[in-house]
Structures are given as structure tokens and as C-alpha cells.
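S.K.: Before anything else, here's the structure in question.
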Amino acid sequence: MLEPYRSAFNECFTLGRYAELLRLLKERTHTAIEFRVAETPCFFPPELMEKLVRTGEELTAELLGNPQYVRDSDAAIPAEYRVPGEDEHPHFMTVDFGLVRNAAGELEPKLVEMQAFPSVFGYQAVLSQAYKEVYALDEGLHYFFGGMDEAAYWAVLREVIVGRHDPENVVLLEIEPEKQKTLPDFRVHEERLGIQSVDIATVVREGKRLFYRPQGERRENRALVPIERIYNRAIVDELVGKGIKLPFDYREELDVEWAGHPNWYFRISKFSIPYLNHPAVPAAVFLDDWFVGNGRERLPDDRNQWVLKPLYSFAGKGIQFAPSDKDLASIPDGERHNYLLQERVQFEPVIRTPEGMTQAEIRILYAWPERGRMTPLIGLVRMGRGLMMGVDHNRDRTWVGGSAALIPKETPW
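Residue numbering for the sequence shown follows my numbering, starting at 367 and increasing by one per position.
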């Protein structure tokens with residue numbers, strides 16, 4: 367895609383440079399990369415990326431401007447994880463698109479998923495720059511949106527994540543962060559923002575306040591440091607799945623701010639898709655509605671074009687393609703409202719690699735300052751040649767995995 371960049375890259379690629387890319391990523395993230403990194407970045411025309419960015423904004427505005435959806439999404443928040451003090455809008459949005467060909471043969475985006483939850487803002491910027499350096503790519507290629515440079519990018523993230531607080535009193539809260547595959551991203555956030563990653567199970571509560579134990583040089587002579595703002599990266603389904611006992615209750619009024627309020631993880635998710643009315647959105651119906659006959663007409667007649675998705679899983683867990691009646695009936699009545707039947711998006715292979723044409727799923731990452739607008743920051747790409755696009759599902763192949771979106775500088779937006 368996007369000549370002459372694609373052909374030039376393929377011709378000049380060497381395994382030595384790819385090894386250097388992996389070495390540089392490890393050096394700059396201060397840890398090993400446990401997921402597959404694609405050999406190549408992806409080169410996209412600016413008009414396509416602009417369309418994806420604007421579509422993500424339109425979909426988010428459609429949801430937030432729909433009073434019925436706002437009311438219905440209350441039910442998506444589990445009572446035991448409903449956090450007080452919800453912000454008027456999410457601090458983060460990620461919108462995933464596949465590329466399909468329309469009847470005119472043109473590429474256009476189709477929504478895969480949207481989530482009001484932060485993604486790998488730190489790691490993705492490092493990866494994008496590493497591609498440019500290692501492969502000595504054209505300086506006219508860029509990866510930040512809206513004419514941003516690195517300083518402006520991190521200024522937006524600092525405003526949203528740290529806010530008015532001392533970075534010492536802001537934590538990246540996760541479940542066993544040292545064991546997460548996203549640890550490289552955490553390390554970049556720590557370095558650029560001066561915050562610390564903290565295991566959610568180790569937080570200490572005293573009255574309405576939360577504290578953490580500083581690590582390494584931060585320890586000094588103090589046992590506990592107050593937490594004033596939480597950059598939330600903990601996923602509730604992982605908390606439940608691992609049976610983690612928390613030192614605080616999400617439902618209680620605590621003297622702490624959230625950068626990424628937990629309620630938004632449930633409000634804007636796969637749950638949102640049936641409520642959207644946009645050309646970029648595939649047909650979808652909740653499983654409990656489908657069983658009583660509501661919305662069946664939305665789905666294709668061909669069952670092979672169906673996908674069954676749990677609403678609140680992460681990284682593609684639990685997805686079933688072409689589910690049978692037996693598969694659907696195996697889900698208990700009381701759980702069916704937590705599943706979605708969706709028209710399968712048929713990705714168009716658009717990236718020409720030495721291993722053949724490869725599909726690309728493009729994620730647009732946004733941040734939303736409290737007194738600002740929803741701001742597109744950077745793109746993330748997952749390359750794959752199978753049913754699933756996540757890096758975990760393509761680890762045994764080459765020229766697939768996590769990648770970056772590079773765009774020519776001549777971008778009008």
C-alpha cells in the first residue's frame with residue numbers, strides 16, 4: 367500500500383535490520399517485548415487515515431449524543447464495579463477498523479470494536495520512531511496526527527494522565543504490571559511522565575485515601591505515598607477471572623481522581639455496536655434479543671458470516687466464528703445479554719509483503735482532556751493473515767504482528 371514506500375521497503379529489508387529493531391525496542395522500553403512485532407511499518411495515504419480518524423469521532427459523538435444509549439448503558443456497568451464521580455466524557459477512546467472494498471472497488475473502513483479505555487500510547491510512539499530510525503525511512507513520513515510533534519503528543523497525555531498533580535502522586539494501576547505483556551508500554555509512561563506502575567492488589571487504604579509503596583529510588587525513607595490520581599489500566603474481567611481480592615471497594619467514595627474512569631470501560635465497548643447507525647458499522651444484535659426474535663433480520667443469512675463475541679473480554683478472548691445453534695444455546699439464559707452476534711468484517715489484504723498480501727486492522731487512539739476536545743493522537747496497526755488479528759494469534763508467522771501507521775507529511779489535517 368502507498369507506493370513507492372511499500373516497494374522500496376520490501377526491496378531493502380534485511381533480517382539484520384529487523385533484529386536491530388527488536389534490540390532498540392528492548393533498550394527504549396527497558397524490558398523484553400513479549401508479543402510479536404511486525405517486520406514492517408504500514409504506509410497509508412493521508413486521506414484514508416483522515417477518514418478513519420473522522421469516523422471514530424462521528425461514532426463517539428453518536429453514542430454520547432443518544433440519551434437512550436446513555437440510559438441503557440447504565441445497565442452495562444456491574445453494580446459491584448460502579449464507581450462514583452463519573453466524568454462527563456471518557457478520557458480515552460480507541461476505535462478499531464478493518465479495511466474492506468466497496469462496490470466501486472474503493473477501500474473504506476468498517477468498525478471492528480470501540481473502547482473507552484487507554485491503549486499503548488507510550489509503546490506505540492516508541493515503535494513508530496524505531497521503524498523510521500532503523501530502516502532509515504523518509505523523513506517526510508510521520509505518525510502523530512494533527513501536525514503534532516513528540517513534545518505536543520506527550521503534553522496532551524500529561525494533561526490527561528497527570529493533570530494538576532505531582533507525578534509522584536499519580537499511579538498507573540494494573541493487575542500485576544510486571545507480568546503483563548503491555549509492560550513495555552508501562553515503562554515508557556513511567557519514564558516520560560514520572561509516574562509509577564502499581565499492582566492494584568498492593569494498594570493500601572486508610573479511610574477515604576489510597577496509598578502505594580514506592581519502589582527503587584522512590585522509596586527514600588517513606589513507607590507510603592498518597593495516590594491522588596489513578597491512570598487506570600486494570601480490566602475488571604481479569605480481576606474477576608483471577609479472583610483478586612481488592613484492598614478497596616470500587617463503589618465507595620474515595621479521595622482519588624481517575625484518568626480513565628472505570629465506568630466508561632463498560633459504557634463504550636462492544637455493547638455500543640447495536641446502537642450505532644453509521645455506514646462504517648456492521649450489523650449486530652445482542653444474543654438475548656436474538657433468542658426472542660429481535661434484530662434477527664439485521665444479520666446475514668449465511669451463518670458463516672456471523673461472529674459471537676463476549677462483551678467484556680479483552681485481546682480477542684472468547685470470540686467464535688460461524689457459531690452453531692448448539693454454540694449459542696450453550697450460553698445460559700442469564701448470560702446471553704453479555705454476548706453479541708455481529709456480522710463478520712471481511713478484511714481486504716492491502717499490505718504487500720514478501721510473505722504475500724496481508725490484512726491490517728487499524729486502531730485510532732484518542733485522548734480527551736477535561737477542558738478540551740477528543741484529540742486523535744496516533745495509529746496502531748495489527749497485521750495478520752488468519753481469522754484473528756491480535757498479536758497473540760499471529761505469533762508463529764512472519765510479516766505479521768504489531769505495527770505502526772506511517773503517513774506522508776503532506777497531510778491537510
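All C-beta atoms in this analysis are idealised placements derived from N, C-alpha and C, irrespective of residue type, glycine included.
Since we're looking at a predicted model, the values are computed, not measured.
1) What three-state label does DSSP hand residue 743 in the structure shown?
2) Once you ignore the five residues that flank residue 415 on each side, which residues in its own chain have a CB closer than 7 Å to its CB?
3) Could you tell me which residues DSSP pairs with residue 577 in its beta bridges?
4) Let me know if residue 551 comes out buried or exposed under the rule of 16 or more other beta-carbons within 10 Å of its beta-carbon.
5) Three-state secondary structure (DSSP) at residue 511?
6) By alpha-carbon positions, which one of 535, 657, 468 ends up nearest to residue 622?
7) Which of the three DSSP states, helix, strand or coil, is assigned to residue 422?
8) Spell out the partners DSSP gives residue 474 in its beta bridges.
9) Check whether the Cβ atoms of residue 669 and residue 649 sit closer than 8 Å, and answer yes or no.
10) Take residue 515 as the anchor and find which of 662, 694, 743 has the nearest alpha-carbon.
11) For the alpha helix (DSSP H) that residue 630 lies in, which residues bound it at each end?
12) Can you give the beta carbon distance from residue 418 to residue 730, rounded, assuming they're within the 8 Å contact cut?
13) Specify, as a first and last residue, the run of the beta strand (DSSP E) that residue 565 falls within.
14) Select from 728, 490, 738, 719 the residue whose C-alpha is nearest the C-alpha of residue 764.
15) Pop quiz: residue 678 and residue 635 are said to be a contact at Cβ under 8 Å. What is the actual Cβ separation, rounded to whole angstroms?
16) Measure the CB-CB distance between residue 434 and residue 460 and report whether it falls below 8 Å.
17) Go to residue 733, then tell me how far its beta strand (DSSP E) extends in each direction, as first and last residue.
18) Excluding sequence positions up to five away, which residues of its chain have a Cβ less than 7 Å from the Cβ of residue 386?
19) Can you tell me where the beta strand (DSSP E) holding residue 661 begins and where it ends?
20) Answer with buried or exposed for residue 403, where buried requires no fewer than 16 other C-beta atoms within 10 angstroms of its C-beta.
21) For residue 574 versus residue 620, is the C-beta spacing smaller than 8 Å?
22) Going by DSSP, what residues sit across from residue 672 in a beta bridge?
23) With burial defined as no fewer than 16 other Cβ atoms inside 10 Å of the residue's Cβ, what is the status of residue 749: buried or exposed?
24) Out of 747, 766, 611, 732, state which residue places its alpha-carbon closest to the alpha-carbon of residue 523.
25) Please say whether residue 726 and residue 378 have beta carbons closer to each other than 8 Å?
26) Quick one: grab the DSSP three-state call for residue 769.
27) Is DSSP giving residue 597 helix, strand or coil here?
28) Would you call the stretch 469–481 in contact with the stretch 502–514, where contact means no fewer than 3 C-beta pairs closer than 8 Å?
29) Beta-carbon separation of residue 483 and residue 631 under 8 Å?
30) Around the Cβ of residue 690, are there at least 16 other Cβ atoms within 10 angstroms (buried) or fewer (exposed)?
31) Indicate the three-state DSSP secondary structure (helix, strand or coil) for residue 665 in the structure shown.
32) Does the Cβ of residue 712 have 16 or more other Cβ atoms within 10 Å, making it buried, or fewer, making it exposed?
33) Tell me whether the stretch 445–454 and the stretch 639–648 touch, counting them as touching only if at least three CB pairs, one residue from each stretch, are closer than 8 Å.
34) Which residue comes first and which comes last in the beta strand (DSSP E) that contains residue 719?
35) Mapping the DSSP letters down to three states, classify residue 554 as helix, strand or coil.
36) Where does residue 581 land, buried or exposed, given buried means 16+ other C-beta within 10 angstroms?
M.R.: Reading from the atomic positions:
1) Strand.
2) Around residue 415: 745, 771, 773.
3) BP columns for residue 577 point to 570, 592.
4) The residue in question, residue 551, is buried, as its Cβ has 16 or more Cβ neighbours within 10 Å.
5) Three-state DSSP puts residue 511 in coil, outside helix and strand.
6) Each of 535, 657, 468 was checked against the Cα of residue 622, and the nearest Cα belongs to 535.
7) DSSP, read as helix, strand or coil, puts residue 422 in helix.
8) DSSP output for residue 474 lists 466 as bridge partner(s).
9) Cβ atoms of residue 669 and residue 649: not closer than 8 Å.
10) When each option's Cα is compared against that of residue 515, the closest is 743.
11) Where residue 630 is concerned, the enclosing alpha helix (DSSP H) stretches over 629–633.
12) The Cβ separation is near 6 Å, so the contact holds.
13) It spans 562–565 - the beta strand (DSSP E) in which residue 565 sits, taken as one unbroken run.
14) Closest option to residue 764, Cα to Cα, is 719.
15) Yes, residue 678 and residue 635 are in contact; Cβ-Cβ is about 7 Å, under 8 Å.
16) Against a cut-off of 8 Å, the Cβ pair of residue 460 and residue 434 comes out as no contact.
17) Boundaries of the beta strand (DSSP E) harbouring residue 733: 722–733, taken from the DSSP string.
18) Cβ neighbours of residue 386 beyond the five flanking positions: 500.
19) The continuous stretches of beta strand (DSSP E) do not include residue 661, and DSSP gives it neither H nor E.
20) With 16 or more other Cβ atoms inside 10 Å of its own Cβ, residue 403 counts as buried.
21) Going by C-beta atoms, residue 574 is nearer than 8 Å to residue 620.
22) The bridge partners DSSP lists for residue 672 are 709.
23) Within 10 angstroms of the beta-carbon of residue 749 lie 16 or more other beta-carbons, which makes it buried.
24) Nearest to residue 523 by C-alpha distance, out of 747, 766, 611, 732, is 732.
25) It is not a contact, given that the beta carbons lie outside the stated cut-off.
26) Residue state, collapsed to three classes: strand.
27) In the structure shown, residue 597 sits in a strand (DSSP, three-state: E or B).
28) Put simply, the stretch 469–481 does not touch the stretch 502–514. Fewer than three CB pairs are less than 8 Å apart.
29) Going by C-beta atoms, residue 483 is nearer than 8 Å to residue 631.
30) Under a 10 Å Cβ-count criterion, residue 690 is classified as exposed, with fewer than 16 other Cβ atoms of the shown protein chains found around its own Cβ.
31) Residue 665 falls in the coil class under three-state DSSP.
32) The residue in question, residue 712, is exposed, as its Cβ has fewer than 16 Cβ neighbours within 10 Å.
33) The stretch 445–454, when compared against the stretch 639–648, does not touch it at the 8 Å Cβ threshold.
34) From DSSP, the beta strand (DSSP E) with residue 719 extends over 717–719.
35) It is helical.
36) Counting other Cβ atoms within 10 Å of its Cβ, residue 581 stays below 16 and is therefore classed as exposed.
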